[in-house]
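Right, one structure below, let's go through it.
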Amino acid sequence: MIPPDMYIKFLKSLGLFPIDKWNQFEAEHQIEMKPKVRNNHTVKLRNQGKATSGVYVYFDCEICLYVGESSNLGDRFKDHYNESWKENPKGRNYKQFSFFKQYQKPLIVKWIEIEDSFDRKIVEAMLTKILKPLYEEYKKTI
138 MIPPDMYIKF
148 LKSLGLFPID
158 KWNQFEAEHQ
168 IEMKPKVRNN
178 HTVKLRNQGK
188 ATSGVYVYFD
198 CEICLYVGES
208 SNLGDRFKDH
218 YNESWKENPK
228 GRNYKQFSFF
238 KQYQKPLIVK
248 WIEIEDSFDR
258 KIVEAMLTKI
268 LKPLYEEYKK
278 TI
């Protein structure tokens, strides 16, 4: 097993760690979206990442909740917000739906643009090893 400090050293060499210099915003997960009404909040979330590809990290205060990657960060931010409030889609077993329901409050999201899909997945995996998001432990309980 590769020790996490090796990942940190590698990510530092690329300017990807620490993540305190990444883009950041507050995702207001405490604001419930009314059914069948497009609200300004989801539009704001979508506009944070627009159609940008990259890696992102959700925090509750200083606690890392979730590390992810996407080819469209704006849509992914909106999806996680929806997971806080919507019911699990029929026939789908999305663990995020029950996980994000626990965090209906303001959350901090940090993200960085990374175009290449393979690179995103590698950075996501390394950050998951380093930051140990709560979601990884949560997955094991379901």
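Every letter in the sequence shown is one number past the one before it in the working numbering, and letter 136, counting from 1, is 273.
Each residue gets a CB set at the ideal place from its N, CA and C atoms; glycine is no exception.
Bear in mind that the values here come from a model prediction, so they are computed numbers and not experimental data.
Query, Result
"Tell whether a beta-carbon distance below 8 angstroms holds between V204 and P270.", "yes"
"Hey, is A164's beta-carbon within less than 8 angstroms of any beta-carbon in chain B?", "Here chain B cannot be found, since the structure has a single protein chain."
"Given a cut-off of 8 angstroms on the beta-carbon distance, is the pair E169 and P243 in contact?", "no"
"Quick check on A262: does DSSP put it in helix, strand or coil?", "helix"
"Can you tell me which of the three DSSP states F121 falls into?", "Look at the range of the chain in this structure, 138 to 279, and you will see that residue 121 is not part of it."
"I'd like the list of long-range same chain contacts for R183, defined as Cβ closer than 8 angstroms, with 5 residues on each side in sequence excluded.", "G211, D212, F214 and K215"
"Ignore the nearest five residues each way along the sequence and tell me which others in K238's own chain have a CB closer than 7 angstroms to its CB.", "S221"
"Determine the direct distance from the alpha carbon of K223 to that of W248, and round the result to whole angstroms.", "24 angstroms"
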